[in-house]
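In what follows, a structure is listed as structure tokens, so that the remarks can point back to it.
There are 2 protein chains.
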Amino acid sequence: MKFSKIPSATITRLSLYSRALEELLQEHVNIIASDKLAQKCGVNPAQVRKDLAYFGEFGVRGVGYFVKELLFEIKKILGLNRRWRMALVGIGNLGLALVAHDNFVKQGYEFVAVFDVDPKKVGRRLPSGQTIYHMDELPTVVKDKKIDIGVIATPASQAQATARLLIEAGIKAILNFAPVQIQMPEGYIVENVDFTVKLDNLAYHLTMEAV
Amino acid sequence: MKFSKIPSATITRLSLYSRALEELLQEHVNIIASDKLAQKCGVNPAQVRKDLAYFGEFGVRGVGYFVKELLFEIKKILGLNRRWRMALVGIGNLGLALVAHDNFVKQGYEFVAVFDVDPKKVGRRLPSGQTIYHMDELPTVVKDKKIDIGVIATPASQAQATARLLIEAGIKAILNFAPVQIQMPEGYIVENVDFTVKLDNLAYHLTMEAV
DNA sequence: AAACCCTTGTGCAAACAATCACATAATAAA
DNA sequence: TTTATTATGTGATTGTTTGCACAAGGGTTT
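Protein sequences appear in the order of chains A and B. According to numbering that gives the first Met the number 0, the first sequence is numbered sequentially starting from 0. According to numbering that gives the first Met the number 0, the second sequence is numbered sequentially starting from 0.
Okay, here's the thing in structure tokens:
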């Protein structure tokens, strides 16, 4: 792409803007100012404008941004103008909750394959439609089904091995729910969803507060 | 506590260090150098030392850090040397997965009350032992059970109202799983666990990569 | 007790990120 | 057509975070 040095925090905020705009669209709001959008997302108005300025001039001076148009542009930037095919590894409580989560589909993400090692689970059909494959089938299934993103919901102890499998099968991006830091080779990305780290943050602040 | 400005990223990393040290302790490793610890957590060695230096001198020059001792100190800093009482609001797929998640308990976090609005769910007993209360009971139950942390797993549309309820009941810290930005009054904290934002990050990077 | 490791703790510089403040441009009113 | 009004886009500024490089100091060996 053109100028590659976009702050990663900007990307995260674009995602928030996109969500806020989606909401505004529902409410039939046509035009929004950086002010209002910023407030909705809990950031500074100048930040909104600067974030957007990295990618172009989407607003009209003296007016604001056209909700529909801006949403379209942001989605294009983030790559949300297409569907993303995901594989889930690990059908525990969390895994089940994830495949059942309808928010993903709404956003263009769908689980097209799910894997586990438990023989009691393999072969079963989930309410959401997917049949559970054994991990051994991962390499071929991932290739056949053209998976874009791997989602790890295994126990921590198996997360790194799972990541390696996914990568060897050609997957470039991983969403990791296991509470470990996964080592990735150059050029591959992992994003961690880490409940306990967030809780620890809360615990820390509560502890400070009290002193 | 000393009011020196601790970067919030430092707190997040302390949480990672704590987890890594816990693992090392299991493996009966007694001493660890900032080098190794950094590698395990995917950060710079100087960063580890600097993070720790905010809170004291825990290492021995020429040697490293005593795993057990450092873990103890970090846990004390984060406030993990006690139990934290949590309330969960919203018993959907995700909520169920969260109460069943044994990692929380291991870390000292426990769900001592769960709430929902669905009359079909209220009164039922969960496998993990909690009885589901109706939301109307939230104010009194939260006070009676001395809840420290509120966890929101409701649909996005109800998240803000839920947060307000929790705050009015005296809760200072919220972990939010709903995909909205929750507005909090001064002095209260919210941490967001946001799957789709993370996925959007992956989608963005995959999209860039391809160009 | 001196010389030699080794790894911590930290001053400083560089990179990165957020915010301010205003010139700029579009629209509407006079 | 001119003026007033409004909100964007952005250069300048301030603030924060990271990483380097090395002095400081504990441990070990001779």
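All C-beta atoms in this analysis are idealised placements derived from N, C-alpha and C, irrespective of residue type, glycine included.
When the Cα of residue i is compared with those of the options, which residue comes out closest?
| i | options | result |
| --- | --- | --- |
| residue 70(B) | 12(B), 124(B), 196(B) and 7(B) | 12(B) |
| residue 189(B) | 175(B), 200(B) and 201(B) | 175(B) |
| residue 32(A) | 73(A), 47(A), 18(A) and 25(A) | 47(A) |
| residue 165(A) | 20(A), 86(A), 199(A) and 8(A) | 86(A) |
| residue 168(A) | 18(A), 141(A), 43(A) and 62(A) | 141(A) |
| residue 50(A) | 16(A), 66(A) and 78(A) | 16(A) |
| residue 61(B) | 126(B), 137(B), 100(B) and 34(B) | 34(B) |
| residue 182(A) | 196(A), 194(A), 200(A) and 160(A) | 160(A) |
| residue 207(A) | 171(B), 90(B) and 44(B) | 171(B) |
| residue 126(B) | 117(B), 150(B) and 97(B) | 97(B) |
| residue 150(A) | 124(B), 104(B) and 197(B) | 197(B) |
| residue 143(B) | 112(B), 99(B) and 104(B) | 112(B) |
| residue 36(A) | 58(A), 76(A) and 53(A) | 58(A) |
| residue 200(A) | 93(B), 110(B), 205(B) and 148(B) | 148(B) |
| residue 103(A) | 177(A), 184(A), 45(A) and 84(A) | 84(A) |
| residue 204(A) | 187(B), 192(B), 203(B) and 193(B) | 187(B) |
| residue 195(B) | 4(A), 67(A), 107(A) and 7(A) | 107(A) |
| residue 184(B) | 202(B), 163(B), 81(B) and 115(B) | 163(B) |
| residue 213(B) | 22(B), 53(B) and 38(B) | Since the first and last residues shown for chain B are 0 and 210, residue 213(B) lies out of range. |
| residue 41(B) | 56(B), 19(B) and 101(B) | 19(B) |
| residue 63(A) | 55(A), 30(A) and 133(A) | 30(A) |
| residue 73(B) | 152(B), 145(B) and 55(B) | 55(B) |
| residue 284(B) | 82(B), 9(B) and 138(B) | Because chain B in this structure spans residues 0 to 210, residue 284(B) falls outside the shown range and cannot be described. |
| residue 135(A) | 124(A), 146(A), 38(A) and 117(A) | 117(A) |
| residue 68(B) | 21(B), 91(B) and 38(B) | 21(B) |
What residues match up with residue i in a beta bridge as DSSP calls it?
| i | result |
| --- | --- |
| residue 133(B) | 115(B) |
| residue 30(A) | 65(A) |
| residue 172(B) | 148(B) and 188(B) |
| residue 109(A) | 84(A) |
| residue 42(A) | For residue 42(A), which the question treats as bridged, DSSP gives no partner whatsoever. |
| residue 59(B) | 63(B) |
Determine the burial state of residue i: buried for a count of at least 16 other Cβ atoms within 10 Å of its Cβ, exposed for fewer.
| i | result |
| --- | --- |
| residue 210(A) | Note on residue 210(A): pLDDT 49, under 50, position unreliable in the model; the coordinate value appears next. Per the 10 Å Cβ criterion, exposed. |
| residue 27(B) | exposed |
| residue 14(A) | buried |
| residue 240(A) | Here chain A covers residues 0 to 210 and nothing more, so residue 240(A) does not appear. |
| residue 130(B) | exposed |
| residue 122(B) | exposed |
| residue 88(B) | buried |
| residue 179(B) | buried |
| residue 25(B) | exposed |
| residue 78(B) | buried |
| residue 4(A) | exposed |
| residue 101(B) | exposed |
| residue 94(A) | buried |
| residue 115(A) | buried |
| residue 177(A) | buried |
| residue 153(B) | buried |
| residue 45(B) | exposed |
| residue 80(A) | exposed |
| residue 39(A) | buried |
With DSSP as the reference, label residue i as helix, strand or coil.
| i | result |
| --- | --- |
| residue 0(A) | Residue confidence for residue 0(A) is low, a pLDDT of 38 falling below 50, so the modelled location carries little weight; the figure read from the coordinates is stated next. Here residue 0(A) sits in coil by DSSP. |
| residue 158(A) | helix |
| residue 12(B) | helix |
| residue 124(A) | strand |
| residue 179(B) | coil |
| residue 90(B) | coil |
| residue 54(B) | coil |
| residue 210(B) | Note that residue 210(B) has pLDDT 49, beneath the 50 cutoff, so the model's placement of it is unreliable and the number below is only indicative. Coil. |
| residue 100(B) | coil |
| residue 138(B) | helix |
| residue 79(A) | coil |
| residue 143(A) | helix |
| residue 166(A) | helix |
| residue 73(A) | helix |
| residue 193(A) | coil |
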